[in-house]
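If you want my numbering, it's the 1-based position in the sequence shown plus 301. From the three backbone atoms N, C-alpha and C, an ideal C-beta is built for every residue, glycine too. Source: prediction; values computed, not measured. Everything on this sheet refers to the single structure shown next.
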Amino acid sequence: MSDEAIDRGFVWPPRRAEESAPAQRVRTARVGLLDVIETQFLGRVGLCFDERARLEGWEPDGAEAYCWRCGGSVGPHEADGEGCASCRTKRLPWERAVRLGAYAGPVRDAVLDVKFRRWRQTGRQLGRALGERLRQEFGRAQIEPANVAIVPVPMHWTRRLRMGVDHTQVIAGAAARACGARAVRALVRGRGPSQLEVPAGERKFNVAKVFHRKRWVFLGDWDLIVLVDDVRTTGATLRATSRALRRAGDVRRLWVATAGVRVERGRGARNEAEEGGRSVAIAREIVEEGSGGD
Numbered sequence: 302m303s304d305e306a307i308d309r310g311f312v313w314p315p316r317r318a319e320e321s322a323p324a325q326r327v328r329t330a331r332v333g334l335l336d337v338i339e340t341q342f343l344g345r346v347g348l349c350f351d352e353r354a355r356l357e358g359w360e361p362d363g364a365e366a367y368c369w370r371c372g373g374s375v376g377p378h379e380a381d382g383e384g385c386a387s388c389r390t391k392r393l394p395w396e397r398a399v400r401l402g403a404y405a406g407p408v409r410d411a412v413l414d415v416k417f418r419r420w421r422q423t424g425r426q427l428g429r430a431l432g433e434r435l436r437q438e439f440g441r442a443q444i445e446p447a448n449v450a451i452v453p454v455p456m457h458w459t460r461r462l463r464m465g466v467d468h469t470q471v472i473a474g475a476a477a478r479a480c481g482a483r484a485v486r487a488l489v490r491g492r493g494p495s496q497l498e499v500p501a502g503e504r505k506f507n508v509a510k511v512f513h514r515k516r517w518v519f520l521g522d523w524d525l526i527v528l529v530d531d532v533r534t535t536g537a538t539l540r541a542t543s544r545a546l547r548r549a550g551d552v553r554r555l556w557v558a559t560a561g562v563r564v565e566r567g568r569g570a571r572n573e574a575e576e577g578g579r580s581v582a583i584a585r586e587i588v589e590e591g592s593g594g595d
């Protein structure tokens, strides 16, 4: 092959074409425009999830960092085919747990930004990262993404109006698009205190009868249902919503997926100093045991 042919861009053997420079510029400009809108016009302070993760060198947790059954953090050889010490003796209503990372650093900041400051772009970036993680797990389990339904943990409609955003729905929708699955709003939440408003020991009872299946939504056509929440603390919300999904008897297989999982005390979780300027709601969320997801 001549040097001239190489200069013209001819490549042998053929390989998949990379994204063109103009396409990259368009995509970058689109994301940049959203950042400009949120920072200049909507008052966002700080970096979006993708940029923060890049600067800090953050990467999603590998399979060895957490228990495949409950999603809790584990050390080397602490999890086996039956789960880990925290879940081996428990009956869980799902068969597998997937997480993006521990509830710390960029993950934690992104959840707080989308939840309390309504930065949807950050929530979508967080969801895309979770979706990529799910796509990898689908591949390992030989599951076709087109046959998967992503179901977000619901928020009561009055709280959604008060907050101005359903953050879990934003995350779940982006995750579904990233992994090639379908987002399905199959659950509703009745009235009741937020998990943030009750002690950790009472959360199981607080959500026991709060979640319900939508009667007109049939899930039997899907090979797998993935229940998505923003953060898992005690797991009470995921257990309650999982049981609500299974109540109709049409769910074949059920996984759960969360952006962040709170690290158990004693596993090196660090108490980070909070930046000034956070809202009272965010400060309260940090002090309390839960983040709304549980």
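(message) At the 7 angstroms Cβ level, is leucine 435 part of the contact set with chain D, yes or no?
(response) The chain labelled as chain D is not found in the depicted structure, where only one protein chain is given.
(message) For arginine 389 and leucine 525, what's the separation of their Cα atoms in angstroms?
(response) In the sequence shown, counting from the first residue as 1, residue 389 sits at position 88. In the sequence shown, counting from the first residue as 1, residue 525 sits at position 224. If you take the alpha carbons of arginine 389 and leucine 525, they lie about 23 angstroms apart.
(message) If I follow the unbroken beta strand (DSSP E) through arginine 290, where does it start and stop?
(response) The structure shown does not extend to residue 290, since the chain is modelled only from 302 to 595, so the question has no answer here.
(message) For alanine 364 and valine 527, what's the separation of their Cα atoms in angstroms?
(response) In the sequence shown, counting from the first residue as 1, residue 364 sits at position 63. In the sequence shown, counting from the first residue as 1, residue 527 sits at position 226. Spanning the two alpha carbons is a distance of roughly 17 angstroms.
(message) Let's test the definition: count the other Cβ atoms within 10 Å of the Cβ of aspartate 595 and tell me whether it reaches 16, buried, or not, exposed.
(response) Along the sequence shown, read from residue 1 onward, the residue named residue 595 stands at position 294. By the neighbour-count rule (16 or more Cβ atoms within 10 Å), aspartate 595 is buried.
(request) Answer with buried or exposed for arginine 331, where buried requires no fewer than 16 other C-beta atoms within 10 angstroms of its C-beta. (result) The sequence position of residue 331 within the sequence shown is 30, counting from 1. Summary for arginine 331: the model assigns pLDDT 48, below 50, so the residue's position carries little reliability; its value from the coordinates is reported in the next sentence. When all chains shown are included, arginine 331 counts as exposed.
(message) I'd like the span of the alpha helix (DSSP H) that includes threonine 538, first residue to last.
(response) For the purposes of this step, residue 538 is taken as the residue at position 237 of the sequence shown. Segment 537-547, the alpha helix (DSSP H) holding threonine 538.
(request) Give every residue of the same chain whose Cβ lies closer than 7 angstroms to the Cβ of arginine 409, excluding the five residues on either side of it in the sequence, and list them in chain order. (result) By 1-based counting over the sequence shown, the position of residue 409 is 108. Closer than 7 angstroms at the Cβ level, and outside the excluded window around arginine 409, lie Gly561.
(request) Would you tell me roughly how many angstroms separate the C-alpha atoms of glycine 432 and alanine 477, rounded to the nearest one? (result) Taking the first residue of the sequence shown as 1, we reach residue 432 at position 131. Taking the first residue of the sequence shown as 1, we reach residue 477 at position 176. Using only the alpha carbons, I get a separation of about 6 angstroms.
(message) Rounded to whole angstroms, what is the Cα-Cα separation between proline 407 and lysine 515?
(response) Looking up residue 407 in the sequence shown gives position 106. Looking up residue 515 in the sequence shown gives position 214. Cα-Cα distance, rounded: 34 angstroms.
(request) Compute every distance between the C-beta of glycine 536 and the non-hydrogen atoms of the ligand COA, then say whether any falls below 6 angstroms. (result) Among the components modelled here there is no ligand, and therefore nothing to report on the ligand COA.
(request) Would you give the residue range spanned by the beta strand (DSSP E) that valine 527 belongs to? (result) On the sequence shown, residue 527 is found 226 positions in, with the first residue counted as 1. Unbroken beta strand (DSSP E) run through valine 527: 525-533.
(message) Just list the residues that DSSP pairs valine 557 with in beta bridges.
(response) Taking the first residue of the sequence shown as position 1, residue 557 is located at position 256. According to DSSP, which records beta bridges pairwise, valine 557 is partnered with Ala398 and Leu528.
(request) Within 10 angstroms of the Cβ of proline 453, are there 16 or more other Cβ atoms? Answer buried if so, exposed if not. (result) In the sequence shown, residue 453 corresponds to position 152, counting from 1. Buried, since its Cβ has 16 or more Cβ neighbours within 10 Å.
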